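**Student:**
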Amino acid sequence: MASARDPEYVERVLATAERVPPGRVTTYGAIAEAVGGGPRQVGSVMALHGGGVPWWRVIRADGSLPPSHGEQARRHYYDERTPTLPSGRVDMRSAYWDPAD
DNA sequence: TACTTGACATTTT
DNA sequence: AAAAATGCCAAGT
């Protein structure tokens, strides 16, 4: 299992999350494809070890804010001037950043 | 070993 | 447009 317990996997996930430029966002799925495993796995890793990374730049594929962090994330988005839609969702069209970049 | 659970994704109602 | 159903991958119990 390439996993939340393996520091290596965790490192890769966190490293990718840290590489996300300010004002941009990426998705769990994208990271999952970059580091391997499944989107949920990435989520679990973030949940356990995401304390030191900008998790607010990592959102769901549909642009919805992180399920359990709506308010926090919103504040950060405002600070980083992340393109958001009136509906409270991030503007994926322009703010999306690909980990493979 | 089998079932449940989860910072998700995609498709269909 | 919004909600439900289905699929995925690995951990936790």
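Under my numbering, the final residue of the first sequence carries the number 120; numbering is consecutive throughout.
Using N, Cα and C, we set each Cβ at its ideal position, and we do this for glycine too.
Quick caveat: nothing in here was measured; it's all calculated off a predicted structure.
Short of 6 angstroms in beta carbon distance, which residues of its chain neighbour V44, apart from the five on each side in sequence? Order them along the chain.
**Tutor:** Cβ neighbours of V44 beyond the five flanking positions: R76, I78, V109 and A114.
**Student:** How would you call A80, buried or exposed, if buried means at least 16 neighbouring beta carbons within 10 angstroms?
**Tutor:** exposed
**Student:** If you follow the alpha helix (DSSP H) that S113 is in, where does it begin and where does it stop?
**Tutor:** From DSSP, the alpha helix (DSSP H) with S113 extends over M111 to A114.
**Student:** Where does P118 land, buried or exposed, given buried means 16+ other C-beta within 10 angstroms?
**Tutor:** buried
**Student:** Identify whether T35 lies in helix, strand or coil by the three-state DSSP scheme.
**Tutor:** helix
**Student:** Ordered along the chain, which non-local residues of its own chain (more than five positions away) have a Cβ less than 7 angstroms from that of G48?
**Tutor:** Residues P58 and A80 of the same chain have their beta carbon placed closer than 7 angstroms to that of G48, with the five preceding and five following residues left out of the count.
**Student:** Looking at C-alpha atoms only, which residue of D120, E27 and D98 is the closest neighbour of P73?
**Tutor:** D98
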